[in-house]
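Asker: Pasting in a structure now, in structure tokens, and then I'll have a few things to ask.
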Amino acid sequence: MAEYLFLFMAALVIASAFWVVFSPNLIHSAVSLLFTLFGTAGLYVFLYADFIAATQIVIYVGGILVLIIFGVMLTSKIDSPSIASSSANQFIGGMGAFAIFVMQVAVIFNTPWNIGSEQSRDATVGSIGKLLLTDYLLPFEIISILLLAALMGAALLSRRN
Amino acid sequence: MTFDEIVALLDTKASGKTSVIEGKTVISVSPENWSEISAILKNESKLNFDYLMCISAYDKGDNKVYGAAYNFYSTVNNHYLEVRVEIEDGISIPSVVELWKAADWHEREAYDMMGLKFEGHPDLKRILLSDDWEGYPLRKNYKEPDYYHGLPVPKDKSYWD
Amino acid sequence: MTSIFDSLQESLAFLNLDLFMLLSLISLLGGTVIFLVMAVNALVAVYFERKVSAFMQDRLGPMEVGILGFKGGKKFWGGIGQTLADAIKLLTKEDILPKSSDKFLMILAPFIIFSGAFLTFIGLPFAQNIVISDFNIGLFYIVAMSSVGVIGIILAGWSSNNKWSLYGAMRAAAQIISYEIPIGLSLLLVVIVSGSLHLGDIVQWQETNRWFIFHSPFAFLAFFIYFISTVAETNRTPFDIPEAESELVAGWMTEYSGFRWALFFLSEYANMLIVCIVASIVFLGGWLSPLHLINIFPESWYILDGPALGFFWVSLKAVILIFVMMWFRWTFPRLRVDQLMYVCWKVFIPFALANLFFVSLWELIF
Amino acid sequence: MEANLVDKSVIETGEMVLNMGPQHPSTHGVLRLKIHTDGEIVSQIEPVIGYLHRCFEKHCEKLSYEQIVPFTDRCDYLASMHMDHAYSIAVEKLLDIELPDRVEYIRVIIAELQRIASHLVAVGTFGLDVGAITPFTWTIRDRERVLDLFETLCGARLLYNYIWPGGVSHDLPPKFIERTLDFLDYFDPQIDELNNLLTTNKIFIERTADVGILPPEVGINFGVSGPSLRGSGVNFDLRKNEPYSIYSKFDFDVPVGKGEMGTIGDTWDRYYVRVLEMRESAKIIRQACAELPGGDVHAALPKKIRPNAGEVYGRYESARGDVGFYIMSNGKNIPMRVKMRSPAFCNLSVLSEISEGWMISDVIAILGSLDIVLGEIDR
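Chains as they are written, first to last, in my numbering: chain Y, 17 to 177; chain H, 2 to 162; chain W, 9 to 374; chain B, 2 to 380.
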């Protein structure tokens, strides 16, 4: 059962990711990203990372994807429902992508995966919270300062004059 | 001020350029003098006609002479004046939009319905009828078109029967 | 806390199905239950809203349509079948797709919005054990899922190829994303105090201590911030600017008709129910009986307090909150879009943040 | 932190033309507004009118003076009595006749009732424009009572054809005065209720105060009249300034905008002037009902009205403002030219001027506060 579901999720992620790249319409790409992100959230659930899965949805789907769609709409004529995407430098891009692909495959086959039996875990929220406020406090704070700076920058940009 | 006082004042300011229509309390102005007289009506502090109530275009019925009747009122001095500017077909009347913004739409209506041209109007185009309408419907010699955009115009009830 | 999912799994064990079949069957059953809840909720809530508005506006509201010959007469129940008739009408109506719209997205959008509401219901308890699936991070899950719908709204507005729809979508996106923050911050208060994201635990906390709204003055304020923000989140008056009828015709729904419009409607009322149930669980003691608030009733009354009546109490609290939302709608004019943003960013968020700080202090001191 | 920190040309935004109407919930009829917007901010508005043009003025040149009355009804269909009254006054001025006292009193009572009815619609739909639905149903409920009165009066509820040149079509029905007074007793508390629900509502004030300010001199220059001009603090009401009919006999005030909630001449002021005017109208009706004389309801007129050659410009204070009928006669029984000066026509022309820089929502509120009726604008 779990296997089928995993395969379904993985297929969803890959297929929608393909469509993100190949769709001729930018908005369709962005919508396709919705399914990719959802599928990724599903994969997190398989890793017993329920909190991360929910975070994935609230931040990526509810926040960043909305931002992306806004961005796409603002880059072109906003009131026409066909925003075409075109690709330039296909050859160089293809080469780069291929190189990364080869690298990833190499990494996958060279990593000593620790495959064990299925195990269930308790809620992860508590431990995430503890880790964030103890071991990883500095990165956490740095990220919040970065976000604050981004927030102020956005406010500055959007202000007239 | 009464009508006679207004006429007397206008005579001192612009002598010979206005005349009183016989038997009526109406001033008649020729189109050449109209821009001068209208400025006096608006700016002379004793007259101070700040409120242009109405511009009525009319057709004398002889296919030649058309006129515009301006009804002025002063909200400061509470007096009233009617001025007429009569023209022969084809001659334009100086626009008074600069002095009274209310004249904007009234002059457009007069143009639309009676075909009076107002010189100096910022945007003299049809207001009530569609832009491609032919003829000026309130002229006495106006003939209803037989076709409008290729559709027959129903002229009597038999059309529906 | 057991969930419907678990209990179904137990009670269907006699069928001796393999796990895959069993889980599929249970998922299907659970989905049907949610869909029924949403549909019945929409039917009842729309009828309720019409009657409430009629009452407030010196009208009678629907009086003609009945069910099976029962019309309700000239009482409050007159026209009891009206919403059912409307639902049937909507389902049989022509489905119009404008010629120059983005058809794929226009068809997809209502389903995304609907899924947002639908998925939220999975983790939403109606009473102690009446929840489709009991999540450890229930509260966070609900917040996460209710943020999915906004994508559907943007897509619906944009794909219609109508400027009014686009305005509605832009306004809706800005509004919903903004108001998620005060909602999240108010709920975080509860999480800090009760120490859990699990809705059962939160109610448990309230049982051993007191209703959350009476926890501290800050919690009381948090409830109001939460409630008003949810009114904005569900796009209801006075925050209905995304579909402001007198300005944007119908906002992002302008070009929709028939069944897909019905989905919008369904999700809208479902969202209303969701936020009100969350409010009643998180702040108003959930399935705890309010009789405990004042201990003056004879012992025998506390029979009303048993688990069977949990559903009743949750619904009662939610219905009261829904009524308040309707009351808002038929009383207030609409805010302007900049005023709406002002209320969110300059009033609610600072207050919610201060609230968070003070409630943490409160917890440290007391 | 100066502007040159950001290169504006990179993120420049374009202007969008938004077509509001002719089918739109809050254009109060078939009005079309071409709105040039930058985001929500309106930079320019071009009203496009004429969708309801019914050639009123051309019809008038084919009809006798009596036959025109039903057409005037249809100009301002929310204040038909005012249109009839205005036209009748102009024709009577042209004929130079005296009317029986009873006619004048009846006309004043009816006209003020009509003003209440019309302002109720204006106030209610204005609430609707800013999103408050309940005040609309309440005002419509009260307007219904006025329409009921008119129905007993002449059988019609919208287009009355009641006030004719030289009189009214028939005398008041029995108990009309009692019923009118009953209505007024009922109506006074309703205004307080409306004020509680809408006028003093915080959101309503936020939406309307300081929005769409019409300075008095701009209003006068654009020919704005009626409550829309009085909202700017201009004390200009033809019933006081140039009393026609018998208005000089009555004691009433002319409410003007005082800027209580914001600036003088804002949208709230224009709204509130209408609310106050309803009270003043009630005051006039009470006085007129108390003094109503007996007598005939028709002046002695020949069967065919045939004025001498000449022209007249009759002014009248309708619910929307200064209605003018410019009638030119050439001595026949049909007029040579009838020009109607429509108050809403002039009021609408100021819309673009006062709504620049405001948001789309504000434009709706400003348009609502001008209280236009398209039947009258397009004629």
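Cβ atoms here follow ideal geometry from the backbone N, Cα and C, with glycine treated the same way. Because the structure is a prediction, the values reported are computed rather than measured.
Leaving out the 5 sequence neighbours to the left and right, which residues in its chain are closer than 7 Å to Ala21 (chain W) when beta-carbon positions are compared?
Answerer: There are no such residues.
Asker: For the stretch 83-99 of chain W against the stretch 267-280 of chain W, do three or more pairs of beta-carbon atoms, one drawn from each stretch, fall closer than 8 Å, so that the two count as touching?
Answerer: Touching, yes, given that three or more Cβ pairs across the two stretches are closer than 8 Å.
Asker: Could you name the residues of chain H that His86 (chain B) contacts, counting a contact when the two beta carbons are closer than 8 Å?
Answerer: Simply none; closest approach about 18 Å.
Asker: Do you know offhand how far Ile12 (chain B)'s Cα is from Ile84 (chain Y)'s?
Answerer: Reliability fails at Ile12 (chain B), whose pLDDT of 49 lies under 50, so the model's placement of it is uncertain and no value is given.
Asker: Using a cut-off of 8 Å between C-beta atoms, extract the partners of Ile128 (chain H) located in chain B.
Answerer: Neighbours of Ile128 (chain H) on chain B, chain order: Ile50, Gly51.
Asker: Is the separation between the beta-carbon of Pro48 (chain B) and that of Leu375 (chain B) shorter than 8 Å?
Answerer: No, Cβ-Cβ distance for Pro48 (chain B) and Leu375 (chain B) is not below 8 Å.
Asker: Using a Cβ-Cβ distance under 8 Å, would Ser350 (chain B) count as near chain H?
Answerer: So yes, Ser350 (chain B) belongs to the interface.
Asker: Which residues in the same chain as His122 (chain H) place their Cβ atom closer than 6 Å to its Cβ, once the five residues preceding and following it in sequence are excluded?
Answerer: Hits under 6 Å: Ser96, Val98, Glu108.
Asker: Does the stretch 207-219 of chain W come close enough to the stretch 165-183 of chain W to have 3 or more Cβ pairs within less than 8 Å?
Answerer: Because the criterion of three Cβ pairs below 8 Å is not met, the stretch 207-219 of chain W and the stretch 165-183 of chain W do not touch.
Asker: Between the C-alpha atoms of Ala283 (chain B) and Ala80 (chain B), what's the straight-line distance to the nearest angstrom?
Answerer: Going from the Cα of Ala283 (chain B) to the Cα of Ala80 (chain B) covers about 16 Å.
Asker: Between the Cα of Thr245 (chain W) and the Cα atoms of B:Trp359, B:Asp77, B:Asp372, B:Val131, which residue gives the shortest distance?
Answerer: Closest by alpha carbon: B:Val131.
Asker: Indicate whether at least one CB of chain B lies closer than 8 Å to the CB of Leu117 (chain H).
Answerer: With 8 Å as the cut-off, Leu117 (chain H) does not count as an interface residue toward chain B.
Asker: Ignore the nearest five residues each way along the sequence and tell me which others in Ser170 (chain B)'s own chain have a CB closer than 8 Å to its CB.
Answerer: Correct list, in chain order: Cys155, Asn162, Tyr163, Ile164.
Asker: So the beta strand (DSSP E) His37 (chain B) belongs to, where does it begin and stop?
Answerer: Looking at the DSSP string, the run of the beta strand (DSSP E) that includes His37 (chain B) is 33-39.
Asker: For Gly79 (chain Y), go through chain W and note every residue whose CB falls closer than 8 Å to its CB, in chain order.
Answerer: Neighbours of Gly79 (chain Y) on chain W, chain order: Ser155, Ile185.
Asker: Just list the alpha helix (DSSP H) runs in the stretch 2-46 of chain H, keeping only unbroken ones of 4 residues or longer that don't cross its boundaries, in chain order.
Answerer: Qualifying alpha helix (DSSP H) stretches, in chain order: 4-14, 32-44.
Asker: I'd like the ranges of any alpha helix (DSSP H) spanning at least 4 consecutive residues and lying wholly in the stretch 345-369 of chain W.
Answerer: Here the runs fully enclosed are 345-350.
Asker: May I ask you to list the residues that DSSP assigns as paired with Ile328 (chain B)?
Answerer: Ile328 (chain B) pairs with B:Val313, B:Val339.
Asker: Of the residues B:Leu198, B:Val70, B:Asp172, B:Ala301, which one's Cα is nearest the Cα of Ala133 (chain B)?
Answerer: Residue B:Leu198 is the option with its Cα nearest to Ala133 (chain B).
Asker: From Glu16 (chain B) to Met360 (chain B), what distance separates their C-alpha atoms?
Answerer: Distance between the alpha carbons of Glu16 (chain B) and Met360 (chain B): 14 Å.
Asker: Is the Cβ of Trp166 (chain W) closer than 8 Å to any Cβ of chain Y?
Answerer: True, the Cβ-Cβ gap to chain Y drops below 8 Å.
Asker: Which residue from H:Thr13, H:Trp106, H:Glu45 puts its Cα closest to that of Asp124 (chain H)?
Answerer: It is H:Trp106.
Asker: Going along the chain, which residues of its own chain have a beta-carbon closer than 6 Å to the beta-carbon of Met2 (chain H), five neighbours each way excluded?
Answerer: These residues qualify, in order along the chain: His80.
Asker: Inspect the CB distances between the stretch 199-210 of chain B and the stretch 334-354 of chain B and report whether three or more fall short of 8 Å.
Answerer: Touching, no.
Asker: At what residues does the beta strand (DSSP E) containing Gly68 (chain H) begin and finish?
Answerer: Residues 66-74.
Asker: Is the Cβ of Ile162 (chain W) closer than 8 Å to any Cβ of chain Y?
Answerer: It does: the Cβ of Ile162 (chain W) has a partner Cβ on chain Y nearer than 8 Å.
Asker: Does any C-beta atom of chain B lie closer than 8 Å to the C-beta of Pro138 (chain H)?
Answerer: So yes, Pro138 (chain H) belongs to the interface.
Asker: For my contact list, Gly369 (chain B) and Phe127 (chain B) are in at a C-beta cut-off of 8 Å; report their separation, rounded to the angstrom.
Answerer: Correct: roughly 4 Å between the Cβ atoms.
Asker: Starting from the beta carbon of Arg142 (chain B), find every residue of chain W whose beta carbon is closer than 7 Å, and list them in chain order.
Answerer: In chain order: Asp66.
Asker: Name the DSSP beta bridge partners of Trp165 (chain B), please?
Answerer: Paired residues: B:Gly168.
Asker: Closer than 8 Å, Cβ to any Cβ of chain B: which residues of the stretch 42-53 of chain H, in chain order?
Answerer: Those residues of the stretch 42-53 of chain H that come within reach of chain B (Cβ to Cβ, closer than 8 Å) are Asp51, Tyr52, Leu53.
Asker: What residues from chain Y crowd round Ile145 (chain W), counting only those whose CB sits closer than 8 Å?
Answerer: Neighbours of Ile145 (chain W) on chain Y, chain order: Asp66, Phe67, Ala70, Ala139, Val141.
Asker: Find the nearest neighbour of Ile178 (chain B) within the set B:Ser89, B:Lys250, B:Val212, B:Ile110, judged by alpha-carbon distance.
Answerer: Of B:Ser89, B:Lys250, B:Val212, B:Ile110, the residue nearest in Cα terms is B:Ile110.
Asker: Does the separation of the CB atoms of Thr140 (chain B) and Leu195 (chain B) fall below 8 Å?
Answerer: For Thr140 (chain B) and Leu195 (chain B), yes; Cβs fall inside 8 Å.
Asker: For Met54 (chain H), which residues from the same chain have a beta carbon less than 6 Å from its beta carbon, with the 5 sequence-adjacent residues on both sides left out?
Answerer: These residues qualify, in order along the chain: Asn72, Tyr74.
Asker: Measure how close the beta-carbons of Val239 (chain W) and Met333 (chain W) come, nearest whole angstrom, since I'm counting them as under 8 Å.
Answerer: Right, the Cβ-Cβ distance comes to about 6 Å (below 8 Å), so this counts as a contact.
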